[in-house]
Amino acid sequence: MKLSELAAIKAKMESVVSVRSGEEATDGVRKHVLICGGTGCTSSNSVTISETMKAELEKAGIADEVKVVLTGCFGLCALGPIMIVYPEGVFYSAVKVEDVPEIVKNHLVNGEVVTRLVYKDEITGEHVHSLMETRFYKSQKRVALRNCGAIDPEDIEEYIAKDGYAALGKVLTEMTPQGVIDTMKESGLRGRGGGGFPTGNKWQFAANSVSDKKYVVCNADEGDPGAFMDRSILEGDPHAVIEAMAIAGYAIGADEGYVYVRAEYPIAVRRLQKAIDQAREYGLLGKDIFGTGFNFDLNIRLGAGAFVCGEETALLTSIEGKRGEPRPRPPFPAVKGLFGQPTIINNVETYANVPQIILKGVEWFTSMGTERSKGTKVFALGGKITNTGLVEVPMGTTLRTVIEEIGGGIPGGKKFKAA
Ligand SMILES: Cc1cc2nc3c(=O)[nH]c(=O)nc-3n(C[C@H](O)[C@H](O)[C@H](O)COP(=O)(O)O)c2cc1C
Ligand code: FES
Numbered sequence: 001m002k003l004s005e006l007a008a009i010k011a012k013m014e015s016v017v018s019v020r021s022g023e024e025a026t027d028g029v030r031k032h033v034l035i036c037g038g039t040g041c042t043s044s045n046s047v048t049i050s051e052t053m054k055a056e057l058e059k060a061g062i063a064d065e066v067k068v069v070l071t072g073c074f075g076l077c078a079l080g081p082i083m084i085v086y087p088e089g090v091f092y093s094a095v096k097v098e099d100v101p102e103i104v105k106n107h108l109v110n111g112e113v114v115t116r117l118v119y120k121d122e123i124t125g126e127h128v129h130s131l132m133e134t135r136f137y138k139s140q141k142r143v144a145l146r147n148c149g150a151i152d153p154e155d156i157e158e159y160i161a162k163d164g165y166a167a168l169g170k171v172l173t174e175m176t177p178q179g180v181i182d183t184m185k186e187s188g189l190r191g192r193g194g195g196g197f198p199t200g201n202k203w204q205f206a207a208n209s210v211s212d213k214k215y216v217v218c219n220a221d222e223g224d225p226g227a228f229m230d231r232s233i234l235e236g237d238p239h240a241v242i243e244a245m246a247i248a249g250y251a252i253g254a255d256e257g258y259v260y261v262r263a264e265y266p267i268a269v270r271r272l273q274k275a276i277d278q279a280r281e282y283g284l285l286g287k288d289i290f291g292t293g294f295n296f297d298l299n300i301r302l303g304a305g306a307f308v309c310g311e312e313t314a315l316l317t318s319i320e321g322k323r324g325e326p327r328p329r330p331p332f333p334a335v336k337g338l339f340g341q342p343t344i345i346n347n348v349e350t351y352a353n354v355p356q357i358i359l360k361g362v363e364w365f366t367s368m369g370t371e372r373s374k375g376t377k378v379f380a381l382g383g384k385i386t387n388t389g390l391v392e393v394p395m396g397t398t399l400r401t402v403i404e405e406i407g408g409g410i411p412g413g414k415k416f417k418a419a
């Protein structure tokens, strides 16, 4: 693919972006119904809801005017299945299969919102029509999650519509590998996998290691109990991780990457594989990407559920087909990693930030967060909290804001004790 072809796909998809920003369609598809296809909502029947919706639209004779999309997690998992109807952005929660004919008849045919299904504020009890107006979303800043719940993760063109692969195009045609590393250093991005190591420094070490073969690895093992940040990113926006890994490959001089993902994440694995296949088909993975001579391809390896395999050296040992036991450091992976070659390993969420930093710039990214840690952080809210789900807030946001305001506090007006 050439850069001009990427621009042509983006132009073709303009109406999709317009409708989901609240504007009229220009391609005749006047409504978009986005239904959450994350693991949480899938377990409460969202796939059947989506199929029923398509069948009802056929019956009503408006299947050509309404686009039904299964997305990744919207965040408010406790109230799933979630559905949003654009361009008006009406936010339905706890939708059941039996509700679908009413939504089609009243809302999609007659233009009347089904008020009883519209999200209700947990404190005031009032209906809130728009997702972004809810207490849950107001204090959030979505960077890593920006496409989760907003696009069809199984359609590469929807990702391209939202500036997807533009960052890869930019680095390959306008930046040097060292320029990319400097940008990552200046952004202040730190690893989101737990250690908080500065990402740009890690990439510099691997770039400095001299070798004909290097690797880029993504840690999607996510062993921490109750955590589902990485799963949700892979389910909702797999191309962001693929694009970031290709950018990392260019920066350090690697032509191959591995995503190590838990086998317990079947939806994430399936969507990631589909995304890799589509990226290859569009020439965004493989040989001579954007006609620049840069080659990069990706493989998936499934983890068998050992917590220790989330540790980076154990993870690399496991990819090599051996028992996943940690090895002593030094040597660090950037010097001697996968199959003994220089390797960078970053977490899913770390990668999900990279294309945005390249496109929007260091100043934008460093405007969020604290003095020593920039950007945002995704958290999974679970346990005794009103809004169980997934949230993303600027670094430095207090636990009180996350738990009391966004999380809606402890059910039954109980006092918060510990997290
Ligand atoms: C016992 C153990 C388990 C870990 N599990 C994970 C994990 O599940 N996911 C992850 O990204 N990092 C995990 N880490 C951290 C990784 O070793 C590594 O620091 C991280 O993948 C680097 O990526 P980052 O710099 O983008 O954070 C674990 C570390 C230890 C010691
Ligand atoms: S899985 Fe549907 S909102 Fe999180």
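Going by my numbering, the sequence shown opens with residue 1, and the numbers climb by one from there.
For glycine and all other residues, C-beta sits at the position ideal for the given N, C-alpha and C.
Residue i to residue j span [Cα, whole Å]
i                 : j                 : result
arginine 231      : alanine 150       : 16 angstroms
leucine 285       : phenylalanine 296 : 6 angstroms
lysine 31         : glycine 283       : 31 angstroms
glycine 340       : glutamate 23      : 53 angstroms
leucine 131       : phenylalanine 91  : 6 angstroms
glutamate 311     : glycine 382       : 23 angstroms
lysine 138        : isoleucine 406    : 8 angstroms
methionine 13     : arginine 301      : 33 angstroms
glutamate 320     : tyrosine 119      : 48 angstroms
leucine 316       : alanine 334       : 12 angstroms
proline 330       : phenylalanine 307 : 22 angstroms
methionine 83     : valine 33         : 7 angstroms
threonine 376     : cysteine 148      : 15 angstroms
serine 4          : glycine 291       : 11 angstroms
valine 69         : proline 153       : 9 angstroms
lysine 336        : serine 211        : 10 angstroms
leucine 6         : tyrosine 165      : 8 angstroms
valine 113        : isoleucine 103    : 8 angstroms
phenylalanine 416 : threonine 134     : 22 angstroms
glutamine 356     : threonine 124     : 36 angstroms
threonine 343     : isoleucine 242    : 16 angstroms
glycine 188       : lysine 105        : 51 angstroms
arginine 280      : glutamate 158     : 16 angstroms
glycine 324       : cysteine 309      : 6 angstroms
histidine 239     : alanine 8         : 18 angstroms
Presumed contact (8 angstroms Cβ cut-off) between residue i and residue j, rounded CB distance
i           : j             : result
glycine 72  : aspartate 277 : The pair is not a contact, with the Cβ atoms about 18 angstroms apart (cut-off 8 angstroms).
alanine 254 : lysine 202    : At roughly 13 angstroms, the Cβ-Cβ gap does not stay under 8 angstroms, so alanine 254 and lysine 202 are not in contact.
glycine 191 : threonine 199 : 6 angstroms
leucine 220 : valine 348    : It is worth fixing the name first, because residue 220 is alanine in this sequence and not leucine. Confirmed, about 5 angstroms.
glycine 408 : threonine 386 : 3 angstroms
proline 177 : alanine 207   : 6 angstroms
Own chain partners of residue i with C-beta closer than 6 angstroms, once the 5 adjacent residues on each side are dropped
i            : result
leucine 79   : Ser93 and Ala94
threonine 39 : Ile267
valine 180   : Val171 and Ala251
Same chain only: Cβ atoms within 7 angstroms of residue i, ignoring 5 sequence neighbours per side
i              : result
isoleucine 358 : Ala167, Lys170, Val171, Thr183 and Ile247
aspartate 99   : Leu117
arginine 452   : The first residue shown for the chain is 1 and the last is 419, placing residue 452 beyond what the model contains.
isoleucine 49  : Ile35, Pro81, Val95, Val97 and Val100
leucine 399    : Ala419
glycine 89     : Gly22, Ser130 and Leu131
methionine 245 : Val216, Cys218, Gly257, Leu298 and Tyr351
alanine 144    : Ile233, Glu349, Ala352, Asn353, Thr376, Val378 and Glu392
aspartate 27   : Ser15
glutamine 273  : Ile300
lysine 360     : none
Beta-carbon proximity list for residue i, same chain, < 8 angstroms, skipping 5 on both sides
i                 : result
phenylalanine 379 : Met229, Leu390, Val391, Glu392, Val393 and Val402
alanine 63        : Lys54 and Leu57
glycine 396       : Gly369, Thr370 and Ser373
alanine 263       : Val269, Leu302, Gly303, Ala304 and Gly305
glutamine 204     : Ile181 and Lys185
valine 66         : Val29, Arg30, Lys31, His32, Val33, Leu57 and Leu108
lysine 2          : Phe290 and Gly291
For this session: Entirely within the region 201-244 and at least 3 residues each: give me those beta strand (DSSP E) ranges in chain order.
Result: 215-220
Exercise. Which ranges would you report for the beta strand (DSSP E) in the region 259-293 if only whole runs of at least 3 residues count?
Worked result: 286-289
For this session: At 3 residues or longer, and completely inside the region 284-347: list those beta strand (DSSP E) runs for me, N to C.
Result: 286-289, 294-303 and 343-347
For this session: Would you mind listing the alpha helix (DSSP H) stretches within the region 110-149 that are 4+ residues and don't spill past its ends, in chain order?
Result: 135-138
Problem set entry | beta strand (DSSP E) runs contained entirely in the region 59-116, provided each spans 3 or more residues | 66-71, 83-86 and 90-92
Exercise. At which residue ranges does the region 1-42 contain complete alpha helix (DSSP H) runs of 4 or more residues, listed in the order of the chain?
Worked result: 3-12 and 14-20
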